[in-house]
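Chains A and B, in that order, give the protein sequences.
Heads up: the first sequence begins at 4 in our numbering, then just goes up one per residue.
Heads up: the second sequence begins at 4 in our numbering, then just goes up one per residue.
Just so it is clear, CB atoms sit at the ideal spot from N, CA and C, and this is done for glycine as well.
Here the structure is a predicted model, which means the values were calculated and not measured.
Protein chains: 2
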Amino acid sequence: MKGKKIIVIGGSAAGPKAASKAKRVDRKADVKLFQREPELSMATCGYPYYIGGVCDDRNMLIATPAGVKRDINFFINAKGVEAYVETEVVSIDRKKHKIVCKNFNNAAEAAYEYDKLIICTGSASKIPPVPGIDLKGITPLTKLKDADYLRKIRDEKKIKKAVVVGGGLIGLETCEALKLAGIEVTVVEMLPQILPFLEFDLAKLVENHIRSKGVDIIINDGVAEFFGENGGLKYVKLKSGKELSCELAVLSIGVSPNSKLAADVGLDIGEFNGISVNEYMQTSDPDVYAAGDCVEINNLITNKKMYAPFGDLANLEGRVAGENAALGNCVTFNGAIRTGICKIFDFSAGCTGLSETAAKNAGFTDIITAVNAGPDKPLFMKPNPLISKIIADKNTNAILGYQCIGQGDVSRQISTASVIITGKMKLDDIINLDLPYAPPFSLAIDHFIASAHILQNKLKGRMIGISVREVYERVAVNKEKVFLLDMRGENEYEIMRLGIGEVSIPLGALTKRFSELPSDKNAEIICFCKVSMRGYEAAVILNDKGWKNVKVMEGGVMAWPYSREK
Amino acid sequence: MKGKKIIVIGGSAAGPKAASKAKRVDRKADVKLFQREPELSMATCGYPYYIGGVCDDRNMLIATPAGVKRDINFFINAKGVEAYVETEVVSIDRKKHKIVCKNFNNAAEAAYEYDKLIICTGSASKIPPVPGIDLKGITPLTKLKDADYLRKIRDEKKIKKAVVVGGGLIGLETCEALKLAGIEVTVVEMLPQILPFLEFDLAKLVENHIRSKGVDIIINDGVAEFFGENGGLKYVKLKSGKELSCELAVLSIGVSPNSKLAADVGLDIGEFNGISVNEYMQTSDPDVYAAGDCVEINNLITNKKMYAPFGDLANLEGRVAGENAALGNCVTFNGAIRTGICKIFDFSAGCTGLSETAAKNAGFTDIITAVNAGPDKPLFMKPNPLISKIIADKNTNAILGYQCIGQGDVSRQISTASVIITGKMKLDDIINLDLPYAPPFSLAIDHFIASAHILQNKLKGRMIGISVREVYERVAVNKEKVFLLDMRGENEYEIMRLGIGEVSIPLGALTKRFSELPSDKNAEIICFCKVSMRGYEAAVILNDKGWKNVKVMEGGVMAWPYSREK
Numbered sequence: 004m005k006g007k008k009i010i011v012i013g014g015s016a017a018g019p020k021a022a023s024k025a026k027r028v029d030r031k032a033d034v035k036l037f038q039r040e041p042e043l044s045m046a047t048c049g050y051p052y053y054i055g056g057v058c059d060d061r062n063m064l065i066a067t068p069a070g071v072k073r074d075i076n077f078f079i080n081a082k083g084v085e086a087y088v089e090t091e092v093v094s095i096d097r098k099k100h101k102i103v104c105k106n107f108n109n110a111a112e113a114a115y116e117y118d119k120l121i122i123c124t125g126s127a128s129k130i131p132p133v134p135g136i137d138l139k140g141i142t143p144l145t146k147l148k149d150a151d152y153l154r155k156i157r158d159e160k161k162i163k164k165a166v167v168v169g170g171g172l173i174g175l176e177t178c179e180a181l182k183l184a185g186i187e188v189t190v191v192e193m194l195p196q197i198l199p200f201l202e203f204d205l206a207k208l209v210e211n212h213i214r215s216k217g218v219d220i221i222i223n224d225g226v227a228e229f230f231g232e233n234g235g236l237k238y239v240k241l242k243s244g245k246e247l248s249c250e251l252a253v254l255s256i257g258v259s260p261n262s263k264l265a266a267d268v269g270l271d272i273g274e275f276n277g278i279s280v281n282e283y284m285q286t287s288d289p290d291v292y293a294a295g296d297c298v299e300i301n302n303l304i305t306n307k308k309m310y311a312p313f314g315d316l317a318n319l320e321g322r323v324a325g326e327n328a329a330l331g332n333c334v335t336f337n338g339a340i341r342t343g344i345c346k347i348f349d350f351s352a353g354c355t356g357l358s359e360t361a362a363k364n365a366g367f368t369d370i371i372t373a374v375n376a377g378p379d380k381p382l383f384m385k386p387n388p389l390i391s392k393i394i395a396d397k398n399t400n401a402i403l404g405y406q407c408i409g410q411g412d413v414s415r416q417i418s419t420a421s422v423i424i425t426g427k428m429k430l431d432d433i434i435n436l437d438l439p440y441a442p443p444f445s446l447a448i449d450h451f452i453a454s455a456h457i458l459q460n461k462l463k464g465r466m467i468g469i470s471v472r473e474v475y476e477r478v479a480v481n482k483e484k485v486f487l488l489d490m491r492g493e494n495e496y497e498i499m500r501l502g503i504g505e506v507s508i509p510l511g512a513l514t515k516r517f518s519e520l521p522s523d524k525n526a527e528i529i530c531f532c533k534v535s536m537r538g539y540e541a542a543v544i545l546n547d548k549g550w551k552n553v554k555v556m557e558g559g560v561m562a563w564p565y566s567r568e569k
Numbered sequence: 004m005k006g007k008k009i010i011v012i013g014g015s016a017a018g019p020k021a022a023s024k025a026k027r028v029d030r031k032a033d034v035k036l037f038q039r040e041p042e043l044s045m046a047t048c049g050y051p052y053y054i055g056g057v058c059d060d061r062n063m064l065i066a067t068p069a070g071v072k073r074d075i076n077f078f079i080n081a082k083g084v085e086a087y088v089e090t091e092v093v094s095i096d097r098k099k100h101k102i103v104c105k106n107f108n109n110a111a112e113a114a115y116e117y118d119k120l121i122i123c124t125g126s127a128s129k130i131p132p133v134p135g136i137d138l139k140g141i142t143p144l145t146k147l148k149d150a151d152y153l154r155k156i157r158d159e160k161k162i163k164k165a166v167v168v169g170g171g172l173i174g175l176e177t178c179e180a181l182k183l184a185g186i187e188v189t190v191v192e193m194l195p196q197i198l199p200f201l202e203f204d205l206a207k208l209v210e211n212h213i214r215s216k217g218v219d220i221i222i223n224d225g226v227a228e229f230f231g232e233n234g235g236l237k238y239v240k241l242k243s244g245k246e247l248s249c250e251l252a253v254l255s256i257g258v259s260p261n262s263k264l265a266a267d268v269g270l271d272i273g274e275f276n277g278i279s280v281n282e283y284m285q286t287s288d289p290d291v292y293a294a295g296d297c298v299e300i301n302n303l304i305t306n307k308k309m310y311a312p313f314g315d316l317a318n319l320e321g322r323v324a325g326e327n328a329a330l331g332n333c334v335t336f337n338g339a340i341r342t343g344i345c346k347i348f349d350f351s352a353g354c355t356g357l358s359e360t361a362a363k364n365a366g367f368t369d370i371i372t373a374v375n376a377g378p379d380k381p382l383f384m385k386p387n388p389l390i391s392k393i394i395a396d397k398n399t400n401a402i403l404g405y406q407c408i409g410q411g412d413v414s415r416q417i418s419t420a421s422v423i424i425t426g427k428m429k430l431d432d433i434i435n436l437d438l439p440y441a442p443p444f445s446l447a448i449d450h451f452i453a454s455a456h457i458l459q460n461k462l463k464g465r466m467i468g469i470s471v472r473e474v475y476e477r478v479a480v481n482k483e484k485v486f487l488l489d490m491r492g493e494n495e496y497e498i499m500r501l502g503i504g505e506v507s508i509p510l511g512a513l514t515k516r517f518s519e520l521p522s523d524k525n526a527e528i529i530c531f532c533k534v535s536m537r538g539y540e541a542a543v544i545l546n547d548k549g550w551k552n553v554k555v556m557e558g559g560v561m562a563w564p565y566s567r568e569k
């Protein structure tokens with residue numbers, strides 16, 4: 004009885020998962036794995052925590068939860084998988100079902116036959132094509148050797164200033180790591196905001212938080228040229244002409260799929276340059292599977308392809324590819340919804356599903372959103388703030404997306420929302436959700452449910468919302484005259500206020516102070532408070548009293564990312 | 004234009020919510036609220052945290068998130084609700100649509116008419132009918148005055164020893180609070196385990212954790228009699244004859260619905276003695292609604308009635324009752340799934356949906372479960388343990404229940420599972436769930452998804468599980484001879500081991516040491532490791548080598564709640 008020959012190309016996340024799963028479901032199979040790097044099954048997502056000193060033991064990045072190092076001995080003895088490191092697969096012969104690989108150390112080439120091939124070649128950092136890019140001191144952070152390099156910088160304590168190019172998820176994690184390493188950091192982002200997956204207003208709040216930790220952020224600007232001295236980086240010149248002195252630059256402007264090997268042998272490649280796969284993670288060649296950062300997958304909301312290079316998905320995809328390669332197509336990976344989260348200092352920022360912009364781009368024409376700001380726990384539990392935005396389809400009431408940031412428990416919020424969206428649940432299904440409640444964990448009416456309540460109020464026409472961004476642009480930028488009403492208590496107003504011409508009337512005093520409001524019942528009035536719950540209650544009262552154009556500034560002062568009077 | 008008259012009885016959670024919502028959706032309505040207690044809208048769930056000193060400001064228990072005290076002025080000014088405190092509704096005249104109430108201070112009676120009535124009379128502590136129950140020093144913890152009493156005890160530092168009667172959710176929160184107050188605590192529980200909503204094995208692990216904090220727990224025993232001296236509690240005699248000296252006893256053997264007022268006027272009462280309501284929170288009288296701890300609600304999984312006195316549900320129910328009372332039936336509360344969570348010292352314990360026992364009782368005949376133990380985060384992030392059990396219907400693959408305990412992020416796990424269950428999602432829907440992943444928050448394959456993977460492996464017949472409890476009973480209690488195989492590394496085995504006759508063979512060495520295994524290929528072999536991932540991998544290898552009766556001890560050493568050799 005001869006076993007099936009399965010070859011896996013790639014040894015980071017999807018590859019080892021696919022290989023181990025294939026062997027586990029078919030012990031007779033002969034499973035070989037080829038890996039370019041010297042290490043196997045590295046915790047790539049952990050590199051910033053090693054660099055920042057959250058973890059000081061490099062071995063932990065390549066060890067099982069029990070602390071066993073995942074080297075070639077581990078793979079053969081515990082997993083039954085024959086792994087080759089520092090070995091690159093240089094060509095695939097699909098007709099002969101054969102690959103040729105080359106060892107980096109001795110340059111020896113060898114050929115191996117396969118019945119099924121699984122391509123898990125991952126992704127590579129995008130490198131901006133600017134002069135000076137080859138200077139010493141400029142590095143991406145994708146490989147363990149990059150992490151080693153940056154960790155050494157931390158340990159040597161010589162470098163004082165760094166620039167992080169790109170304000171995405173990895174960029175910000177790196178920014179925190181470098182800051183923790185005692186390095187002065189500036190983040191440079193081409194777009195008008197960091198974390199482009201977030202709505203503008205929420206991204207601005209994250210930006211404020213990062214700045215408050217002593218990190219500088221430059222938006223709407225990119226690197227024009229790197230300048231050095233004796234081969235080492237000295238400063239960066241931005242497109243705006245601005246110059247930033249620095250001895251280190253970390254590039255994190257995104258990754259692109261390593262699909263060349265697949266493309267070279269004629270496998271279908273998608274619009275994002277990722278390998279095309281079906282729900283079995285099978286490429287256009289039935290004997291070739293692919294998984295991880297090198298593929299494109301289905302977006303379960305839009306049913307369009309997307310590029311989603313996330314570590315968790317790589318593992319799930321690898322698992323499916325491995326099982327199908329071993330047993331024939333029997334399990335599926337249907338796609339994902341683009342869920343992401345990151346921690347930046349004391350803040351977390353997460354998203355799942357579509358942002359408002361992404362929903363519009365995907366063809367949803369009638370979108371409704373709601374912003375919710377508030378504490379994550381009851382007052383007596385020393386709560387932390389959460390600010391979120393929920394996005395729904397007005398026609399079907401389906402939840403399309405959810406974003407949440409703040410010092411509170413964002414992870415629970417995004418987890419909850421991601422299941423709601425995956426389960427194609429509607430607004431009515433979440434209004435009375437039975438989530439776990441106890442004071443150490445959430446409010447009696449959980450933040451996510453409260454967000455749904457606000458959305459419901461808007462859908463029923465009980466509340467007309469206006470975003471902080473629109474208020475800011477109209478009042479502070481365009482100097483429009485708008486009647487703004489701050490419903491917070493006098494003491495709250497004394498401590499902190501926007502100072503953009505608002506009138507302060509505490510909610511409890513409103514019914515006695517109607518005379519201070521515009522006599523024209525058609526005049527626009529914008530109410531708010533700390534989180535805009537009292538703002539909403541004020542609007543209800545004013546509507547009842549005949550004012551016809553009352554709006555609520557969603558999220559209130561807590562969601563206001565612009566400068567304040569105090 | 005005369006407004007609708009709405010009367011709300013009860014001012015704790017559901018009542019204020021119903022009253023505020025009614026007024027908000029119908030500003031013309033005349034909304035009155037009657038409350039027996041001196042305070043309104045108290046954070047009852049917060050009492051243990053006030054007693055334990057997590058929060059020292061009593062006002063925070065009756066304040067809005069902005070710190071405004073929710074008294075009668077607040078209700079009239081901010082909410083438009085006329086609230087009466089220390090005023091009990093003593094009778095209802097359904098024909099005349101009238102209630103009579105009585106003020107506790109001046110004994111004055113007054114009558115008020117209603118168009119719609121909302122009963123939110125809450126629940127009362129069950130009091131065990133044992134001699135000595137009236138002694139000073141014995142108290143439940145349901146009212147703010149009980150919290151005041153216990154907080155005073157904390158502050159006075161006179162009392163040294165206390166007994167908590169009842170090891171449920173509130174009992175354990177109280178136990179932590181008293182311990183934090185410097186009091187020696189013993190918990191007495193009638194049942195064979197604390198936290199009866201949890202599976203036995205998980206409850207035992209929580210028990211171990213609480214004991215490790217210096218709290219004594221006595222199970223399978225109840226209070227027979229309280230004994231005092233000069234009217235004050237001196238000791239407690241248990242049914243077993245055991246005597247515990249103590250100056251304080253907190254009763255937390257559960258609550259029962261305050262449904263007498265409703266029953267007295269002929270409203271339908273259910274099998275749990277709660278007021279019967281439909282999905283509109285409407286009682287058998289169309290002009291009377293009810294919400295909160297005084298009602299029975301629908302279990303969304305079993306479609307049977309249940310009694311679920313939880314603070315979060317009270318708020319959601321009150322919101323629905325208020326809106327329907329004001330506008331006519333237009334919104335529904337369809338039920339809940341019995342989700343609960345509590346924090347006990349560094350542990351959290353949560354559940355959602357049906358336990359295995361509850362599922363059997365509800366008529367599910369073909370149940371499959373899986374236990375998962377492991378770290379909540381990657382090794383390099385200083386992870387905390389999570390141990391969970393997932394319960395599914397083998398016929399439909401629907402997820403019926405999920406429980407999780409440990410020092411890790413239980414709240415996210417239970418939130419995720421509660422949405423899965425509410426959304427009636429099946430196993431296939433969660434195998435590749437797109438949950439938020441980053442190292443500070445979860446494993447690349449989240450604990451919940453991994454639990455689903457184990458369940459899938461069992462369903463596919465790839466793994467035969469055996470519970471720690473069954474292994475313990477067979478090996479340690481019945482002294483059965485079973486071949487047990489610990490697959491952990493030698494160093495792990497040196498540091499900690501069960502010592503119940505197991506053979507230690509590290510997974511990586513298994514293929515070279517088959518000779519140490521039973522030669523009879525039909526012999527039962529039970530494999531395990533720290534969490535039983537390696538146990539599972541060993542079972543796969545042994546099955547392949549011809550052993551036909553190989554089982555995996557689910558959850559491994561981490562899930563073992565019994566004593567160990569070391």
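Separation of residue j from residue i, as counted between CA atoms
i: B/N298; j: B/S259; result: Before going further, note that residue 298 of chain B is Val rather than Asn in the sequence given. Going by the C-alpha atoms only, they are around 10 angstroms apart.
i: B/G572; j: B/E250; result: Lying before the first or after the last residue shown, residue 572 of chain B is absent from chain B, which here runs from 4 to 569.
i: B/K385; j: A/P41; result: 26 angstroms
i: B/I222; j: B/E282; result: 39 angstroms
i: A/I498; j: A/K569; result: 7 angstroms
i: A/G18; j: B/V555; result: 26 angstroms
i: B/G468; j: B/G559; result: 11 angstroms
For residue i, the first and last residue of its enclosing beta strand (DSSP E)
i: B/E527; result: E527 to F531
i: B/T53; result: The amino acid occupying residue 53 of chain B in the given sequence is Tyr; Thr does not appear at that position. Where B/Y53 is concerned, there is no enclosing beta strand (DSSP E), although the alpha helix (DSSP H) it sits in stretches over Y50 to I54.
i: B/C104; result: K101 to N106
i: A/G343; result: G343 to I347
i: A/D489; result: F486 to D489
i: A/Q410; result: Element bounds for A/Q410: n/a, residue is neither H nor E.
Element boundaries [alpha helix (DSSP H), containing residue i]
i: A/N460; result: H450 to L462
i: B/N80; result: I75 to A81
Open item on the list: Counting beta carbon pairs with one atom in the segment 56–67 of chain A and one in the segment 322–338 of chain A, are three or more of them shorter than 8 angstroms?
Closed with: no
Item to complete: Please go through the segment 134–202 of chain A and give each complete beta strand (DSSP E) segment of 3 or more residues, from N-terminal end onward.
Response: 141–143, 164–168 and 187–191
Could you tell me whether the segment 317–332 of chain B touches the segment 346–362 of chain B, using the rule of 3 or more Cβ pairs below 8 angstroms? no
| Just checking, does the segment 502–511 of chain B make contact with the segment 416–428 of chain B on the three C-beta pairs under 8 angstroms criterion? | no
Start-end ranges of the beta strand (DSSP E) lying completely within the segment 302–372 of chain B, minimum 3 residues:
343–347 and 350–356
Across the segment 220–240 of chain A and the segment 130–139 of chain A, are there enough close Cβ pairs to call them in contact, namely three or more that are closer than 8 angstroms? yes
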